[in-house]
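Visitor: Attaching a single structure in structure tokens format; questions to follow.
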Amino acid sequence: MSLNQQTPRPDLMEESARQALRAVELRRYAYPEGFCGFTARFFARDGTLRVQGSVRVSDPATIELVSEKPSPLMGWVREILSSEVAHRMPRSATDRGHLRLIQLDDPLGDMLEFLDDPMRSRYRVAEGVITVVDRVVGAEGFTIVVLDHWELPDGRILPRHYAVGFREAASGNLQRLELHTAEYTTVNDVWLLTRHRTITLHPGGQIDARELELTGHQLVTR
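So in the numbering used here, spot 7 of the sequence shown is number 214, and the numbers just go up one at a time.
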């Protein structure tokens, strides 16, 4: 090593990682502080299956669904709404344990590694936007690739199109691929999901499609 070259200090490297994380969190749309949830009508379909009803969402763990009849689609509706709300809740970008930033010359951007995360989370970040999320949960790993965003008037973003690949954690073999599309509306300056479509590609060529529509949104107040 040249005398003029210095090894980057670990504390400065972690600070660079935290700055990168803060930048992407500032671009991410989050519900305003004091958000209490919303109510809406829903309609979901999958092949010949149809179900409709009403929903009251307070937080990711508190989703009340009332339908006209029992349906195997109800679990999927709850899963989509729980994931949506969890990703929009306000959170601190600094409360994530130790981080490492790996600079890469790649269209997907640099890599952020969460060193204390049991799910071994890794982000790819380009131009202040998360392009890839990679995690491992038990025996399954998954990779989310964000393909396109909605850009809001204030410059923050919401996902428009993204793909999720599920794999065996041990072998890395791909198990299935999901393609997602999301649309939103604004109610009193709060952006809420109106439509979510999931297309799943299975080994062997089978394709499944599910769609959720939400209408008549009303914000819940204290």
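Just so it is clear, CB atoms sit at the ideal spot from N, CA and C, and this is done for glycine as well. All figures in this text were calculated on a predicted structure; none of them were measured in a lab.
Is it buried or exposed for residue 314, if we count other Cβ within 10 angstroms and need 16 for buried?
Guide: Working through the sequence shown from its first residue, we reach residue 314 at position 107. Counting Cβ neighbours within 10 Å, residue 314 comes out exposed, since fewer than 16 surround it.
Visitor: Report the CB separation of residue 245 from residue 426 in whole angstroms; it is logged as a contact under 8 Å.
Guide: Locating residue 245 in the sequence shown gives position 38, counting from the first residue. Locating residue 426 in the sequence shown gives position 219, counting from the first residue. Contact flag correct, Cβ pair sits at about 5 Å.
Visitor: Ends of the beta strand (DSSP E) at residue 400?
Guide: As a working note, residue 400 is residue 193 in the sequence shown. Segment 397 to 408, the beta strand (DSSP E) holding residue 400.
Visitor: Ignoring anything shorter than 4 residues or poking outside the segment 269 to 345, list the alpha helix (DSSP H) runs there in chain order.
Guide: Within the segment 269 to 345, the complete alpha helix (DSSP H) runs of at least 4 residues are 281 to 295.
Visitor: Using alpha carbons as the reference points, say which of 405, 270 and 283 lies closest to residue 372.
Guide: For the purposes of this step, residue 372 is taken as residue 165 along the sequence shown, with counting starting at 1. Nearest C-alpha to residue 372: 405.
Visitor: If you drop the 5 nearest sequence neighbours on each side, which residues of the same chain put their C-beta closer than 7 Å to that of residue 264?
Guide: If you number the sequence shown from 1, residue 264 lands on position 57. Excluding residues within five positions, the ones whose Cβ falls inside 7 Å are 244, 245, 270, 288 and 292.
Visitor: In angstroms, rounded to a whole number, what distance separates the CA positions of residue 341 and residue 374?
Guide: Your numbering for residue 341 matches position 134 in the sequence shown. Your numbering for residue 374 matches position 167 in the sequence shown. Whole-angstrom Cα-Cα distance: 11 Å.
Visitor: When you measure from the CB of residue 348 to every non-hydrogen atom of the ligand ZN, does any distance come out below 7 Å?
Guide: This structure lacks the ligand ZN, and indeed carries no ligand of any kind.
Visitor: Could you give the DSSP three-state label for residue 376: helix, strand or coil?
Guide: Numbered from its first residue, the sequence shown carries residue 376 at position 169. Residue state, collapsed to three classes: coil.
Visitor: Report the CB separation of residue 322 from residue 305 in whole angstroms; it is logged as a contact under 8 Å.
Guide: Locating residue 322 in the sequence shown gives position 115, where the first residue counts as 1. Locating residue 305 in the sequence shown gives position 98, where the first residue counts as 1. With 8 Å as the limit, residue 322 and residue 305 qualify as a contact, their Cβ atoms being about 4 Å apart.
Visitor: Answer with buried or exposed for residue 210, where buried requires no fewer than 16 other C-beta atoms within 10 angstroms of its C-beta.
Guide: Position 3 of the sequence shown holds residue 210. Residue placement at residue 210 cannot be trusted, given a pLDDT of 45 that sits under 50; what the coordinates show is reported in the next sentence. Exposed.
Visitor: Return yes when the Cβ of residue 258 is within less than 8 Å of the Cβ of residue 228, no when it is not.
Guide: Sequence index remark: in the sequence shown, residue 228 carries index 21 (1-based). Sequence index remark: in the sequence shown, residue 258 carries index 51 (1-based). No, the Cβ-Cβ distance between residue 228 and residue 258 is not below 8 Å.
Visitor: Do residue 383 and residue 354 have their C-beta atoms closer together than 8 Å?
Guide: As a working mapping, residue 383 is identified with position 176 in the sequence shown. As a working mapping, residue 354 is identified with position 147 in the sequence shown. Against a cut-off of 8 Å, the Cβ pair of residue 354 and residue 383 comes out as no contact.
Visitor: Quick check on the burial criterion: 16 or more other C-beta atoms within 10 angstroms. Buried or exposed for residue 241?
Guide: Against the sequence shown, residue 241 aligns to sequence position 34. Answer is exposed; the Cβ neighbour count stays below 16.
Visitor: What would DSSP say about residue 230, mapped onto helix, strand or coil?
Guide: The residue labelled residue 230 in the question sits at position 23 within the sequence shown. In this structure, residue 230 counts as helix in the three-state DSSP scheme.
Visitor: Indicate whether residue 327 and residue 343 have their beta-carbon atoms separated by less than 8 Å.
Guide: As a first step, residue 327 is located in the sequence shown; it is residue number 120 there, counting from the start. As a first step, residue 343 is located in the sequence shown; it is residue number 136 there, counting from the start. Yes; because the gap between Cβ atoms is below 8 Å, this pair is in contact.
Visitor: Identify the continuous beta strand (DSSP E) that holds residue 199 and give its terminal residues.
Guide: Since the displayed the chain opens at 208 and closes at 429, residue 199 lies outside it and no answer follows.
Visitor: Pull the bridge partners of residue 261 from the DSSP assignment, please.
Guide: Position 54 of the sequence shown, counted from the start, is the residue given in the question as residue 261. Paired residues: 248 and 273.
Visitor: Any idea if residue 256 is buried or exposed, counting beta-carbon neighbours within 10 angstroms, 16 or more meaning buried?
Guide: Here residue 256 is taken as the residue at index 49 of the sequence shown, counted from 1. With fewer than 16 Cβ atoms within 10 Å of its Cβ, residue 256 is classed as exposed.
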